[in-house]
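As structure tokens, the structure follows; a few thoughts come after it.
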Amino acid sequence: MCGIVGYIGHREAYPIVIKGLQRLEYRGYDSAGIALYDGNNIKLSKTKGKVSDLKDRLESEISTDGTLGIGHTRWATHGVPNDVNSHPHYSNSGDLVIIHNGIIENYDSLRKELIKRGYTFKSDTDTEVLVNLIEDVKKNEKTKLGKAVQIALNQVVGAYAIAVFDKNKPNEIVVARLGSPLAIGIGDDEFFIASDASPFIEYTKNAIYLEDEEMAIIRRGKDIKIRKIKNDALVDPYIQELQLNLEQIEKGGYDHFMLKEIYEQPDAILDTFRGRLLSNEAMIKLAGVEDNMKKFLAADRIIVVACGTSWHAGLVAEYIFEDLARIPVEVEYASEFRYRNPVITEKDVVIAISQSGETADTLAAIKLAKSKDAFVFGVCNVVGSSIARETDAGAYTHAGPEIGVASTKAFTTQITVLTLMALRLARAKGTISSSEFRHHLIELETIPSKVEEALKSDTYVQTIADIYKDATNFLYLGRGFNFPVALEGALKLKEISYIHAEGYPAAEMKHGPIALIDENMPIVVIATKKGHYEKVVSNIQEIKSRKGKIIGIVTKGDKSVKDLADHVIEVPETIECLTPLLTTIPLQLLSYHIAVMLEKNVDQPRNLAKSVTVE
Ligand code: M6R
Numbered sequence: 142m143c144g145i146v147g148y149i150g151h152r153e154a155y156p157i158v159i160k161g162l163q164r165l166e167y168r169g170y171d172s173a174g175i176a177l178y179d180g181n182n183i184k185l186s187k188t189k190g191k192v193s194d195l196k197d198r199l200e201s202e203i204s205t206d207g208t209l210g211i212g213h214t215r216w217a218t219h220g221v222p223n224d225v226n227s228h229p230h231y232s233n234s235g236d237l238v239i240i241h242n243g244i245i246e247n248y249d250s251l252r253k254e255l256i257k258r259g260y261t262f263k264s265d266t267d268t269e270v271l272v273n274l275i276e277d278v279k280k281n282e283k284t285k286l287g288k289a290v291q292i293a294l295n296q297v298v299g300a301y302a303i304a305v306f307d308k309n310k311p312n313e314i315v316v317a318r319l320g321s322p323l324a325i326g327i328g329d330d331e332f333f334i335a336s337d338a339s340p341f342i343e344y345t346k347n348a349i350y351l352e353d354e355e356m357a358i359i360r361r362g363k364d365i366k367i368r369k370i371k372n373d374a375l376v377d378p379y380i381q382e383l384q385l386n387l388e389q390i391e392k393g394g395y396d397h398f399m400l401k402e403i404y405e406q407p408d409a410i411l412d413t414f415r416g417r418l419l420s421n422e423a424m425i426k427l428a429g430v431e432d433n434m435k436k437f438l439a440a441d442r443i444i445v446v447a448c449g450t451s452w453h454a455g456l457v458a459e460y461i462f463e464d465l466a467r468i469p470v471e472v473e474y475a476s477e478f479r480y481r482n483p484v485i486t487e488k489d490v491v492i493a494i495s496q497s498g499e500t501a502d503t504l505a506a507i508k509l510a511k512s513k514d515a516f517v518f519g520v521c522n523v524v525g526s527s528i529a530r531e532t533d534a535g536a537y538t539h540a541g542p543e544i545g546v547a548s549t550k551a552f553t554t555q556i557t558v559l560t561l562m563a564l565r566l567a568r569a570k571g572t573i574s575s576s577e578f579r580h581h582l583i584e585l586e587t588i589p590s591k592v593e594e595a596l597k598s599d600t601y602v603q604t605i606a607d608i609y610k611d612a613t614n615f616l617y618l619g620r621g622f623n624f625p626v627a628l629e630g631a632l633k634l635k636e637i638s639y640i641h642a643e644g645y646p647a648a649e650m651k652h653g654p655i656a657l658i659d660e661n662m663p664i665v666v667i668a669t670k671k672g673h674y675e676k677v678v679s680n681i682q683e684i685k686s687r688k689g690k691i692i693g694i695v696t697k698g699d700k701s702v703k704d705l706a707d708h709v710i711e712v713p714e715t716i717e718c719l720t721p722l723l724t725t726i727p728l729q730l731l732s733y734h735i736a737v738m739l740e741k742n743v744d745q746p747r748n749l750a751k752s753v754t755v756e
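With the numbering used here, letter number 104 in the sequence shown gets 245, and the count goes up by one each step, no holes.
If you want it as structure tokens, here you go:
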């Protein structure tokens, strides 16, 4: 996936576009480029590397004046990251310039067809094919840019958010979307285009989110015309007021977004249950669940579809839903589910979990489930995202923008929403007594302050990080509710420090991974007091007798593990099903500090992107 930004209005476009690209770098950062138009000349600069590399190069390469500009930050799909494959791309005549986020699946046949007609290509990208297809249609049909874009897109298979302009039309940008997000900010006689609203939040709070298969012709100083790409029908623009503010998308004094987001968790969890968890009235209010209670109560089972960290949150949900609400739950990787002809009926409830709401595999899994008449419920963070719109109902996590590529507050707020859902359904089904229910609500309310307390381990976690930062492998073990936390801890370490790590259910260790243990292997064991504590202590004994280095995550005041482990990190006590909200905190901090000590790019780890909008 990639990030796209554009501006047309009365200001200089360059500062807006470059800053916008910096904010969208979480979407991809292997190359970047900008095209500016001053009414006479198009000035284009692009490079392999980050937006900061582009800035250095562009400012010495071209003049930055012009009140129309488009920019792109790339996560390569077709063609390796290099200068030539970077966007924007010119058409053969040099009249049209395009930026694109997505994949044109039939690009190869279109390319061959265009080559037959005399077109040549500089890059390996599908995007250069698209801009030449538009040019070809424009020439052959003798039509304006907007119409040419529409006709061309009707020949395209795949996903896209595009912005394209024509040298002969200095007051117009044409944009379109299918499967990749595109927001249009509406200012006073000026318009902003971006993959999300963060690039234009300081200029306007009014935005239109294009729907799939819509395109818009944006004219300087005039209004916007939105049309359906397929049938040309005019669409009434729906202008939303944005809730985002500038502070939320800046680092606020932290060295990295990841650390800021780790520290935001007490507030984020509070925001997640604000107005939903009413402990005085012993109630949980979740409109999406309430309105569809019959569907949930009639469900034979719940199927969770998600990827990465969101999949781990789904695994925690499996334990919580089955324990509290006694509903069978299956947790599926969206990427597997979508391609394996799964058995789905109208009696299934599918819960799709996604921070970004744009993950391509999760979206495809939702579409599959809907085609089989299952009821699909979304748990998303990004308001108005594709998944939020594609699902039948849902609940937002309200975590605020998560910019660090490694998910942190998204995970804990997803678990919070899923716990609220499980508790509400348990109450409705009568699988939990009113006193237990009330007890869970009261305990859940204490979680933000307990997360705050867990964060106090930070300095000690840094000491541990320093001791083990040069290890080449880590094992993470947990049981029950904390098995998915072990998986999540291992994923966090892998993705930002590039150290190999594996998460395992603690008891599975003796079925294979135990062979890996020697005096060089650090093993993080989640051993909180509730649940299978004694069993985990036995697992720790087994590690100890093989000289593994033990880092225990324990309940405050624990003695047994302290006697056995090399290090223990304490978290406050809580009821068993809520422990993942606390045990995950030191694991996030451990991976963060190791990555910082190894001088890795914590917020933008290599090869990754914040949301994976391609399969
Ligand atoms: O936006 P989503 O929650 O759908 O994203 C799913 C995964 O791509 C994401 O959780 C990924 O695994 C993170 N980098 C993990 O930190």
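Ideal placement from N, C-alpha and C gives every residue a C-beta, glycine not left out.
Keep in mind that this is a model prediction, so the values were computed, not measured.
Check, Outcome
"Residues bridged to R258 (per DSSP)", "Paired residue(s): none; R258 is not in a bridge."
"For L616, three-class secondary structure by DSSP", "strand"
"Y148 (DSSP reduced to helix, strand or coil)", "strand"
"Buried or exposed (CB count within 10 angstroms, at least 16 for buried), P727", "buried"
"Alpha-carbon spacing of K511 relative to L185, whole angstroms", "43 Å"
"DSSP state of E313 mapped onto helix, strand, coil", "strand"
"Other residues of its chain near I380: CB distance less than 8 Å, five sequence neighbours each side excluded", "I327, N347, A348 and I349"
"At least three beta-carbon pairs within less than 8 Å, the stretch 500 to 517 to the stretch 358 to 377", "no"
"Member of A458, R747 and L632 whose CA lies at the smallest distance from the CA of G621", "A458"
"Assigned secondary structure, K671 (DSSP; H/G/I helix, E/B strand, else coil)", "coil"
"Cβ-based neighbour list, E815, same chain, cut-off 6 Å, excluding 5 preceding and 5 following", "This structure does not reach residue 815, given that the chain is present from 142 up to 756, and the question cannot be answered."
"Check: G449 C-beta below 7 Å from any heavy atom of the ligand M6R", "yes"
"For G169 and R215, believed in contact at Cβ under 8 Å, the rounded distance", "5 Å"
"Closest by C-alpha distance to R164, when choosing among K610, T549, E543 and V677", "E543"
"Option nearest L418 by Cα separation, candidates E586, A439, Y601 and L739", "E586"
"is_contact[K184, chain D] using C-beta, thresh 8 Å", "In the structure shown, chain D does not exist; there is a single protein chain."
"For L251, three-class secondary structure by DSSP", "helix"
"Separation of E463 from E477, as counted between CA atoms", "23 Å"
"Alpha helix (DSSP H) segment containing Y301, residue limits", "It is not in any alpha helix (DSSP H) - Y301 instead sits in the beta strand (DSSP E) that spans G299 to D307."
"Which of helix, strand or coil DSSP assigns to N661", "coil"
"Complete runs of the beta strand (DSSP E) confined to the stretch 500 to 548 [at least 3 residues]", "516 to 521 and 534 to 537"
"Chain-order list of residues whose beta-carbon lies under 7 Å from that of E714 (same chain, five-residue window excluded)", "K670, T696 and K697"
"With 16 other Cβ atoms within 10 Å as the buried cut-off, status of Y460", "buried"
"Whole-angstrom distance between E269 and L375, CA atom to CA atom", "28 Å"
"Bridge partner(s) assigned by DSSP for Q381", "A348"
"Backbone CA spacing between L596 and I159 [nearest angstrom]", "35 Å"
"Beta-bridge pairing of M424 - partner residues as DSSP gives them", "L419"
"DSSP state of P746 mapped onto helix, strand, coil", "coil"
"Validate contact between the stretch 213 to 229 and the stretch 183 to 198 using beta carbons, cut 8 Å, 3 pairs", "yes"
"For T188, three-class secondary structure by DSSP", "strand"
"CA-to-CA distance, L323 to L722, given in whole angstroms", "33 Å"
"Span of the beta strand (DSSP E) around I239", "L237 to I245"
"Which of helix, strand or coil DSSP assigns to L319", "strand"
"Length of the line joining the Cα atoms of A647 and L564", "27 Å"
"heavy atom of the ligand SAM below 7 Å from S476 C-beta", "Judged by which ligands are present, the ligand SAM is missing from the structure shown, whose ligands are the ligand M6R."
"Stretch-stretch touch, CB-based, cutoff 8 Å, three pairs: the stretch 738 to 754 with the stretch 632 to 645", "yes"
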